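First up is the structure itself, then whatever we jot down about it.
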Amino acid sequence: MKIDELYHNYNKEEFYLGRVSQVTLDYCLVQAENLTLLQTKIISNQEIFPKTINYLVVINDERGIFLGKVIKSQIRNTTATHDALLYDDRQHICPELTIKIVGLLQKNQFRLPNNNTVGLTNKVYIATSEITKLYLDSFDLMYRNYSHDNILDDVAIVKSFGTQLQFSTNINTIFDRHLLIVGATNSGKSTSALRILEEARRKNKKFILIDPTGEYHQSFSKCENVESIDLGNSGTIDPGKIKLNQWKTLFQTNENSQGPELMQAINELKFQYKHGKNEIYPKLGRNFTDVEMELNTFEIENDLDNLSFNQQLLESQIIADSVKIANYGKNEGKYVNDSFIRNTNEWLIQKIKYIRRTTKIDIFFNNDPNKNLFQSLDEFLGNNKSLYVDISTLGSSDIIGSFIIDIISEYLFETKTVENKGFFIYIDEAHRYLRDKDTLAMGLENIAREGRKKGIFLFLTSQSPKDVPDTIVSQIGSVIVHRLTSEEDIYTLRNYLSKDAIAKINSLNKGEAILSSINLLENLFLKFNKSTLPHSNNTQLL
Numbered sequence: 093m094k095i096d097e098l099y100h101n102y103n104k105e106e107f108y109l110g111r112v113s114q115v116t117l118d119y120c121l122v123q124a125e126n127l128t129l130l131q132t133k134i135i136s137n138q139e140i141f142p143k144t145i146n147y148l149v150v151i152n153d154e155r156g157i158f159l160g161k162v163i164k165s166q167i168r169n170t171t172a173t174h175d176a177l178l179y180d181d182r183q184h185i186c187p188e189l190t191i192k193i194v195g196l197l198q199k200n201q202f203r204l205p206n207n208n209t210v211g212l213t214n215k216v217y218i219a220t221s222e223i224t225k226l227y228l229d230s231f232d233l234m235y236r237n238y239s240h241d242n243i244l245d246d247v248a249i250v251k252s253f254g255t256q257l258q259f260s261t262n263i264n265t266i267f268d269r270h271l272l273i274v275g276a277t278n279s280g281k282s283t284s285a286l287r288i289l290e291e292a293r294r295k296n297k298k299f300i301l302i303d304p305t306g307e308y309h310q311s312f313s314k315c316e317n318v319e320s321i322d323l324g325n326s327g328t329i330d331p332g333k334i335k336l337n338q339w340k341t342l343f344q345t346n347e348n349s350q351g352p353e354l355m356q357a358i359n360e361l362k363f364q365y366k367h368g369k370n371e372i373y374p375k376l377g378r379n380f381t382d383v384e385m386e387l388n389t390f391e392i393e394n395d396l397d398n399l400s401f402n403q404q405l406l407e408s409q410i411i412a413d414s415v416k417i418a419n420y421g422k423n424e425g426k427y428v429n430d431s432f433i434r435n436t437n438e439w440l441i442q443k444i445k446y447i448r449r450t451t452k453i454d455i456f457f458n459n460d461p462n463k464n465l466f467q468s469l470d471e472f473l474g475n476n477k478s479l480y481v482d483i484s485t486l487g488s489s490d491i492i493g494s495f496i497i498d499i500i501s502e503y504l505f506e507t508k509t510v511e512n513k514g515f516f517i518y519i520d521e522a523h524r525y526l527r528d529k530d531t532l533a534m535g536l537e538n539i540a541r542e543g544r545k546k547g548i549f550l551f552l553t554s555q556s557p558k559d560v561p562d563t564i565v566s567q568i569g570s571v572i573v574h575r576l577t578s579e580e581d582i583y584t585l586r587n588y589l590s591k592d593a594i595a596k597i598n599s600l601n602k603g604e605a606i607l608s609s610i611n612l613l614e615n616l617f618l619k620f621n622k623s624t625l626p627h628s629n630n631t632q633l634l
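Quick note: to get the numbering used here, add 92 to the position in the sequence shown (first position is 1).
Spelled out as structure tokens, the structure:
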């Protein structure tokens, strides 16, 4: 394509700026013919402000048409320039523009210029809105020419190039290696997340939204292609299906004695349940060898992962296990009470009691097949509908959120097959449920590292990116950054953003954000459009 074809509806000389006067690998300097060419103008209903920066220009070279972005504009400080400014002699003032080369036109699309550079004396023209639109359409490095069913339409307005164009993107572009939205409270983080969720649902893209606080309860209540589960009411789980590492997440055990003690108590309660006894397994006064043989035989002959038990007896069972084997006297070889072991187990006992008393977690444990959470997840994997999971009935604590997220994410990762349609998992304020690296949900970590191979992607939001574990952040391919004020949070994102973009973060207005993705030509400055979905987290004013 020749430059006249780009400007076929215009007189391109009206967009002329000047010529290239210096060339480096990434930048070039342009000497404007005179200051008059930089005055504000209206051409074919396009208002142009060449005296500013951050607008696009076209550079005509023998090897092709380059696209650049003006990043600096200056008038050299000389006596002649001073006199010309004093007498408003614009014809003798020659501004100098610094331009970053951002693209090279190839087959009607702009591609990365790589090692190609412009040449000295090349003519430079202001880009029209059509050229800017062509550049936006070329932004996607990976998923060009895909079905329109994959396009998230008009999610935001582009404010990067001195113009305002609607921004649409392929859903795979931003989810290819997971998506993270960050921003301080009231920065517009929820607005952008809801807008993406709304478009994903409209295009029949599958997702599962895990909502620990219930604030999205009304968002999808009237959507036919979104099913919902209220954990504790319409969704429960057999406690026997919970893995040990998940129990450890719930009760926040240490890595010393508490984990093994918890596992022992669970296995003993499974023994009792298997034998029809809804009571603790007694050890006090019994012979050590009899107990060991009984429990070892039970563990060998049974699949413990598929045996239920009464989790409400855990505290009492750990108390009953606070015994030792007597080495002498009439009770030699038998279990007797031991105050030291009892004191060692006290923290775990009190922690279990605290979780059970301050939350409604017990109503989540039920082996009713009509309310089985895993069955609902199987149905989700097998159909084309999305799933909303409301955890708020169980309690709003971060511990409960971490526990449920771990259960769901690990089950989905282990169960999904290539035949199941791909989907993403949405978790709001993810740092609340992932901050403890010692109890990080293994399912989420596996999805972050290996989920792409199985068609499972993460969609996370956070107002504190520094608290999102490095094992998760390092796998993120796309980041939407709203206003942040903490230097630590901004530092966490340093590998995603340029220095210029980082400098803008703490001055972004509500709804404004910077989009960075490994699949885009460069960072984009966006203003997200408001979603029509209801959301119960609006800021209340005095």
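In this text, a Cβ means the ideal position worked out from N, Cα and C, and glycines have one as well.
Predicted, not measured: the structure shown is a model, and the values here were computed from it.
- Of the residues assessed, residue 293 falls on the buried side of the cut-off, its CB having 16 or more other CB atoms within 10 angstroms.
- Cβ-Cβ distances below 7 Å link residue 245 to 260, 291 in the same chain, with the five nearest sequence neighbours on each side left out; the list follows chain order.
- Between the beta-carbon of residue 148 and that of residue 124 there is about 16 Å, and that puts the pair past the 8 Å contact cut.
- Between residue 582 and residue 597, the C-beta spacing is below 7 Å.
- Nearest C-alpha to residue 304 among 548, 457, 519: 519.
- Assignment of residue 328 by DSSP, reduced to helix, strand and coil, places it in the strand class.
- Here the C-alpha atom of residue 454 lies approximately 47 Å from the C-alpha atom of residue 234.
- Using a Cβ-Cβ distance cut-off of 8 Å, the region 260 to 280 and the region 571 to 589 are in contact, since at least three pairs of beta carbons, one from each stretch, lie closer than that value.
- Contact annotation: residue 213 and residue 111 have beta-carbon atoms nearer than 7 Å.
- Residue 261 is bridged by DSSP to 244.
- Only exposed fits residue 94, as fewer than 16 other CB atoms lie within 10 angstroms of its CB.
- Within the model, the alpha-carbon separation for residue 424 versus residue 449 is close to 39 Å.
- Annotation: the continuous beta strand (DSSP E) that includes residue 274 extends over 271 to 274.
- Note on the region 476 to 552: whole beta strand (DSSP E) runs with a minimum of 3 residues are 478 to 482, 515 to 519, in chain order.
- With contacts defined by Cβ atoms closer than 7 Å, residue 322 and residue 498 do not form a contacting pair.
- Under the DSSP definition of a beta bridge, residue 457 partners with 329.
- No residue range can be given for residue 628, since it is assigned to no alpha helix (DSSP H) and is classified by DSSP as neither H nor E.
- With fewer than 16 other CB atoms across the displayed protein chains lying within 10 angstroms of its CB, residue 634 is exposed.
- Here residue 524 is buried: its Cβ has 16 or more other Cβ atoms, across all protein chains shown, within 10 Å.
- Between the alpha carbons of residue 593 and residue 606 lies a gap of roughly 7 Å.
- By the CB criterion at 7 Å, residue 556 and residue 588 fall outside the cutoff.
- Annotation for residue 370: 402 place their beta carbon closer than 7 Å to its own, counting only its chain and skipping 5 residues before and after.
- Within the DSSP secondary-structure output, residue 120 pairs in a beta bridge with 115, 191.
- Membership of residue 408 in the alpha helix (DSSP H) is indicated by the continuous run 406 to 412.
- Around the CB of residue 413, 16 or more other CB atoms lie within 10 Å, so the residue is classed as buried.
- For residue 512, same chain residues with a beta-carbon under 8 Å away, outside a window of 5 residues either side, are 473, 474, 547 in chain order.
- Remark: three or more beta-carbon pairs, one from each stretch, lie closer than 8 Å, so the region 392 to 407 and the region 331 to 341 are flagged as touching.
- Annotated as proximal: residue 415 and residue 375, with beta-carbon spacing under 7 Å.
- Per the Cβ contact rule, the region 149 to 165 is in contact with the region 189 to 204 (3 or more Cβ pairs under 8 Å).
- By the Cβ neighbour-count rule, residue 302 is buried, with 16 or more other Cβ atoms within 10 Å of its own.
- An exposed status is given to residue 580, since fewer than 16 other beta-carbon atoms sit within 10 Å of its beta-carbon.
- A direct Cα-Cα distance of roughly 12 Å separates residue 209 from residue 121.
- Where residue 153 is concerned, the enclosing beta strand (DSSP E) starts and stops at 148 to 153.
- Given a length threshold of 4 residues, each whole run of the alpha helix (DSSP H) inside the region 197 to 231 is given here in chain order: 221 to 229.
- In the structure shown, residue 284 falls within a helical segment according to DSSP collapsed to helix, strand and coil.
- Per DSSP, residue 617 is one residue of the beta strand (DSSP E) stretching across 616 to 620.
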